[in-house]
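Asker: I'd like to ask you about the structure that follows.
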C-alpha cells in the first residue's frame with residue numbers, strides 16, 4: 015500500500031514486529047514503519063474487536079495503539095523507532111503486566 | 006414548547022376548565038436522574054400517564070458520576086430496616102435488568118457474584134472485623150452473609166492482590182452494573198411507555214388546587230393528580246412546598262478511570278471495579294466541598310495509591326479520566342420516602358444509593374405511588390419524621 019521514496023536516504027534501523035525483523039528508517043515513527051513494512055499491522059479494538067490501522071498519525075485518534083518493548087497501549091504514531099525495538103501488534107485490551 | 010405546557014398567556018383560560026377536566030397527567034415526577042427515572046419508568050409500566058420534569062444537561066447529576074455498585078455489605082448500621090430494603094433491592098435487580106433488556110434491547114451488564122472490601126495492614130483488618138461483628142449483632146437486620154476472609158482466602162478469588170492486602174470482607178449479594186446504560190435504558194423505556202420527558206424544566210413552585218398539583222417551571226406550568234419529588238439534594242427546597250421534609254447533607258466524591266485492560270477483577274470492590282468494557286474505576290472519596298467542576302489531586306493520589314497497593318499491576322496503567330460528583334445524601338445517610346399529610350398525593354423520595362435501590366424504586370415505590378399510599382411495613386422506617394426536626398448524626402448509610 016505504501017512505497018518508500020527513492021530520495022529517502024536515511025539510514026536503516028532494524029526493528030522486530032511479532033518477532034520478525036523489519037527494516038525501518040531513522041526518524042520513522044513506529045506507525046510509519048509498520049505501514050511502510052507491508053506486514054499486516056492491524057490491531058483489534060478493545061471492546062468490539064474491530065480491525066484497525068493507524069489513522070490520524072498525529073496522536074489524536076488512538077487507532078495506532080501497539081505494544082512496544084513490552085508496554086501495551088502505546089501510541090505508535092508518537093514513538094520514534096530505535097534499533098532493536100520489539101513491537102507486538104496488540105489484539106484487544108491491554109494485557110495484564112504489559 | 007411542548008403542548009403539555011400551558012404558557013403564561015393561556016394559563017388563565019385553561020384554568021377555567023381545570024375543575025371539569027381530568028389532569029393531564031396521573032403523576033408528575035420532579036427529577037429525571039436515576040431515582041426519578043426508575044420511579045417514572047415503574048409508573049409507566051403500570052399504565053400510568055407520567056410526566057418527568059428535569060433540569061438540563063448541566064445539572065449536578067449523580068446519575069452520571071456514580072460508581073455503579075449494586076451494594077449490600079456494610080449498609081444499614083444504625084437502621085436495620087435499611088438492610089432489609091437493600092437486600093430486597095439486590096434480589097430484585099435481575100428482574101429489572103431483564104425487563105429493561107426485553108423492552109429496550111440494552112444490556113445493563115448486571116453482575117452479582119459477590120463483592121469484596123479489602124483492607125491494607127492489620128489496623129484496617131481489625132476495624133473491618135469489628136464492623137462486621139457490629140452488623141451481625143444488629144437486631145432486626147437482614148442477614149446478608151457478610152464474612153471476614155484472610156489474605157490467603159481473598160487470594161483464591163482475587164489472585165492478583167499485592168502483599169500489603171491483609172484480608173477483607175466478602176458479601177455474596179454484592180454486585181455492580183453499567184449504571185450509565187441503566188440510565189439510558191430507563192429513558193429509552195420512557196418512550197415505549199408513553200412517558201413525557203421534559204428537560205430544562207426545573208420546578209420553582211408547586212401548589213395544589215382543584216384536586217390537582219400545579220408545577221411552575223420557566224417553560225410553563227404542568228398539572229398532575231400526584232407529584233413525586235425525586236430531585237436529589239434539591240428535594241430539601243421542594244419538599245416544604247407540599248408539606249414534606251427532606252433534610253439533605255450532600256458530599257463530594259471523586260473517581261479515577263484507567264484505560265481498558267484485560268479482565269483481572271472477577272468481583273467488584275467497594276473502591277475498585279472493572280467495567281464490562283475493561284476500564285478500571287477507582288473511587289470512594291468523601292469530601293465536604295460541593296463544587297463538582299474541580300478535582301483535588303491530593304485526594305485522587307491517595308485513592309490511586311491504595312488501589313495499586315491492592316493490585317500492584319495497576320501501576321502500569323494510564324489514567325484516562327477523572328471527575329468529581331456530588332452525592333445525593335439525606336442528612337443521616339439513610340433513604341427518605343414519605344407522603345404528605347397536608348397535600349395528599351405528594352410524595353418525596355431521595356437516597357444516596359440510586360443504583361442499588363433502582364429495582365425497589367421501579368417496582369415497589371412506583372407501585373405504592375400508583376396506589377396512592379406508602380406501605381408502612383415496607384418503608385415506614387424511612388419517613389422523615391425520624392429527624393424530629395433536628396438533624397441526626399451521619400451513620401453508615403451508604
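Residue numbers (my numbering), protein chains in the order written: chain A, 15 to 112; chain B, 6 to 403. Cβ atoms here follow ideal geometry from the backbone N, Cα and C, with glycine treated the same way.
1) I want to see whether chain A comes within less than 9 Å of residue 387 (chain B), judged by CB atoms only; does it?
2) Give a single yes or no on whether residue 344 (chain B) has its beta carbon closer than 8 Å to a heavy atom of the ligand GTP.
3) So what does DSSP say about residue 370 (chain B), is it helix, strand or coil?
4) For residue 24 (chain A), go through chain B and note every residue whose CB falls closer than 7 Å to its CB, in chain order.
5) Compare the C-alpha of residue 385 (chain B) against each of B:300, B:341 and B:99 and name the closest.
6) Does residue 109 (chain A) have its Cβ less than 9 Å from a Cβ in chain B?
7) At which residue ranges does the stretch 126-183 of chain B contain complete beta strand (DSSP E) runs of 3 or more residues, listed in the order of the chain?
8) Please determine if the stretch 57-73 of chain A and the stretch 24-34 of chain A are in contact, where contact requires at least 3 C-beta pairs separated by less than 8 Å.
9) Whose Cβ in chain A lies nearer than 9 Å to the Cβ of residue 269 (chain B)?
10) Taking 6 Å as the limit between beta carbons, can you name the residues of its chain near residue 364 (chain B), skipping five residues before and five after?
11) What residues from the stretch 48-66 of chain A come within 9 Å of chain B, judged by C-beta to C-beta, listed N to C?
12) Report buried or exposed for residue 160 (chain B), applying the criterion of at least 16 other Cβ atoms within 10 angstroms of its Cβ.
13) Could you check which residue in B:72, B:272 and B:62 has the C-alpha nearest to that of residue 204 (chain B)?
14) Looking at chain A, which residues of the stretch 308-322 of chain B have a Cβ within less than 9 Å of any of its Cβ atoms?
15) Comparing the C-beta of residue 82 (chain A) with each C-beta of chain B, is any distance below 9 Å?
16) Looking only at C-alpha atoms, which of B:107, B:358, B:242 and B:30 sits nearest to residue 190 (chain B)?
17) Whose CA, out of B:337, B:120 and B:229, lies closest to the CA of residue 29 (chain B)?
18) So, at 8 Å on beta carbons, what are the nonlocal neighbours of residue 171 (chain B) in its own chain, with the 5 sequence-adjacent residues on each side left out?
19) Would residue 270 (chain B) and residue 285 (chain B) be called neighbours here (beta carbons separated by less than 9 Å)?
20) Check whether the stretch 354-374 of chain B touches the stretch 332-341 of chain B, taking contact to mean three or more Cβ pairs, one atom from each stretch, closer than 8 Å.
21) To which residues does DSSP link residue 58 (chain A) through a beta bridge?
22) Kindly indicate the opening and closing residues of the alpha helix (DSSP H) around residue 41 (chain B).
23) Do we get a CB-CB distance below 9 Å when we pair residue 2 (chain B) with the residues of chain A?
24) Do we get a CB-CB distance below 9 Å when we pair residue 265 (chain B) with the residues of chain A?
25) Could you compute how far the alpha carbon of residue 309 (chain B) sits from the alpha carbon of residue 91 (chain A)?
26) Report back the beta-carbon spacing between residue 345 (chain B) and residue 249 (chain B) to the nearest angstrom; my notes put them in contact at under 8 Å.
27) Residue range of the alpha helix (DSSP H) that residue 89 (chain B) falls in?
28) Under the rule that 16 or more other beta-carbon atoms within 10 Å means buried, what is residue 380 (chain B), buried or exposed?
29) Could you tell me if residue 122 (chain B) is buried or exposed, where buried requires 16 or more neighbouring beta carbons within 10 angstroms of its beta carbon?
30) Given that residue 283 (chain B) touches chain A, what residues does it touch there, using C-beta distances under 9 Å?
31) Below 6 Å CB to CB, which residues in the same chain sit around residue 145 (chain B) once its five sequence neighbours on both sides are set aside?
32) Can the beta-carbon of residue 180 (chain B) be found closer than 9 Å to that of residue 115 (chain B)?
33) Specify the secondary structure class of residue 353 (chain B) as computed by DSSP and reduced to three states.
34) Using beta carbons (cut-off 9 Å, strictly below), is residue 154 (chain B) in contact with chain A?
35) Curious, which full-length alpha helix (DSSP H) runs of at least 4 residues does the stretch 282-362 of chain B contain?
36) Rounding to the nearest angstrom, what Cα-Cα distance links residue 334 (chain B) and residue 237 (chain B) in this structure?
Answerer: On the basis of the supplied data:
1) no
2) This structure simply doesn't include the ligand GTP, nor any ligand for that matter.
3) helix
4) Those do not exist, as residue 24 (chain A) stays about 31 Å from chain B at its closest Cβ, beyond 7 Å.
5) B:341
6) yes
7) 152-155 and 170-176
8) no
9) 110
10) 94, 97, 98 and 101
11) 60 and 61
12) exposed
13) B:62
14) 318, 321 and 322
15) no
16) B:107
17) B:229
18) 124, 125, 126, 127, 129, 130 and 156
19) yes
20) yes
21) A:65 and A:105
22) 39-50
23) The displayed coordinates of chain B run from 6 to 403. Any statement about residue 2 (chain B) would go beyond what the structure contains.
24) yes
25) 28 Å
26) 5 Å
27) 85-109
28) exposed
29) buried
30) 60, 61, 106, 107 and 108
31) 85
32) yes
33) strand
34) no
35) 302-315
36) 8 Å
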